[in-house]
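Have a look at the structure below before the remarks.
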Ligand SMILES: NC(=O)c1ccc[n+]([C@@H]2O[C@H](COP(=O)([O-])OP(=O)(O)OC[C@H]3O[C@@H](n4cnc5c(N)ncnc54)[C@H](O)[C@@H]3O)[C@@H](O)[C@H]2O)c1
Ligand SMILES: [Zn+2]
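Numbering (our numbering), first residue to last: 777 to 1144.
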């Protein structure tokens, strides 16, 4: 078992417990938080059918204090209308300021249940139990909670940190391989940003990661969370240094928006974005050919299928212009300078991105 404390200035931070099989002793960690409170367990249909019974049994909450709220799987549940429905259920209970939400699921559930917790009665406490690799290794810390809006992805959001995060890699046993690869993209990202040893684990274990053998994940998740913790503790609100966590996300979001979030998983798009960033860095002479080769060899297996190559560069670039964080004349672009080192560049232009996309589209399994 490993405990990580995330300490941020303006809010009290989160305690993260990473333990394979930790769910079975969850009440040990959570009892003091849950005692005497009403609890709303928010989850999605898939996670509910797999884990609802096990989790409620492990938490040992008297049924009259437990409200289980299930939303549909997938990104469309990160919406104001879903929040509206859940808030209505809480208000009906009634659910008070001192009560607590438990988010059980992937990044979608953590983002939306965390957002609900941030606005319900001006903010109540919540606990996260992430169940995908992406949410265990990345989304569960940092306090970014949000829902989508027609005007933009994650447009309506807050910073609201979970009181406690319980990461049990055993949940990953049932995860689809595609979601596992998607999560791996964020682990690779953490390695490139600030942990060469983590990147090496991704390199050496890539062939061996599927099917999931759980013992692999504890160490990698802890290392990825430590990279993120180090960055958000310096810059909680993304005023500067936290931007490096967007490695691969500038082009990645463009690809997601251009395909209406329907075709590719978040991590698959981030893998494309990281490959494009690595190509730009190589072309600028920031990366040695050997570092580029190692990065590409890890990214290529987690790219989405070849269909991404048919998405026109113009569609990706136009979508990047729409993405809420960017003014196209000054896009903060994160580029790798080596394995374990990145920097923010403000002068990456459209032509450079187009050329890098063209090059990235040529890479396939034969290039590993
Ligand atoms: N807040 C942050 O810092 C942050 C960071 C990265 C991503 N995100 C957000 O996270 C979301 C993506 O998260 P995700 O990839 O976890 O997607 P997700 O939550 O949609 O989960 C993917 C699929 O896996 C299923 N699932 C979850 N746990 C499972 C398990 N243990 N076994 C089998 N199936 C399981 C879900 O039902 C869903 O169908 C995006 O909305 C993204 O914006 C947030
Ligand atoms: Zn991401």
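Just so you know, even glycine gets a beta-carbon here, dropped at the ideal spot from N, CA and C. If you're wondering where the values come from, they're calculated on a predicted model, not measured in any experiment.
Give me, in chain order, the residues of the same chain whose beta-carbon lies closer than 7 Å to that of residue 1095; leave out the 5 immediate sequence neighbours on both sides.
Contacts found: 1030, 1033, 1034.
| task | Please classify residue 1117: does DSSP put it in a helix, a strand, or coil? | result | The three-state reading of DSSP puts residue 1117 in strand, counting E and B together.
Q) Which residues mark the beginning and the end of the alpha helix (DSSP H) in which residue 1141 is found? A) Note, residue 1141: premise wrong, no alpha helix (DSSP H); not H, not E.
Q) Taking the runs of the alpha helix (DSSP H) that are 4 residues or longer, which of them lie wholly in the stretch 1043-1067? A) With a minimum length of 4 residues, no continuous alpha helix (DSSP H) run stays inside the stretch 1043-1067.
Using a Cβ distance threshold of 8 Å, determine whether the stretch 1007-1020 contacts the stretch 799-813, with at least three qualifying pairs required. Segments in contact, no.
Q.
Between 914, 841, 887, 844, which has its C-alpha nearest residue 782's C-alpha?
A. Of the listed residues, the one whose Cα sits closest to residue 782 is 914.
Work out the CA separation of residue 1000 and residue 960 for me, nearest whole Å. Going by the C-alpha atoms only, they are around 10 Å apart.
task: Mark residue 1070 as exposed unless 16 or more other C-beta atoms lie within 10 angstroms of its C-beta, in which case mark it buried.
output: Buried: at least 16 other Cβ atoms inside 10 Å.
Q. Start and end of the beta strand (DSSP E) containing residue 935?
A. From DSSP, the beta strand (DSSP E) with residue 935 extends over 928-935.
- Is residue 955 near ligand 2, going by C-beta to nearest heavy atom under 7 Å? The answer is no for residue 955.
| request: Let me know the secondary structure DSSP gives residue 840 once reduced to three states. | output: Residue 840: helix per DSSP, three-state reduction.
Comparing the CB of residue 1042 with every heavy atom of ligand 1, is any distance shorter than 7 Å? Taken from the Cβ of residue 1042, at least one heavy atom of ligand 1 lies inside 7 Å.
- Message: If you reduce the DSSP assignment to three classes, tell me which class residue 992 lands in.
- Response: Residue 992 sits in a helix when the DSSP states are folded into three classes.
task = Using a threshold of 8 Å, state whether the C-beta atoms of residue 936 and residue 893 are closer than that.
result = Yes, these two residues count as a Cβ contact at 8 Å.
Problem set entry | Where the alpha helix (DSSP H) containing residue 867 begins and where it ends | Segment 856-868, the alpha helix (DSSP H) holding residue 867.
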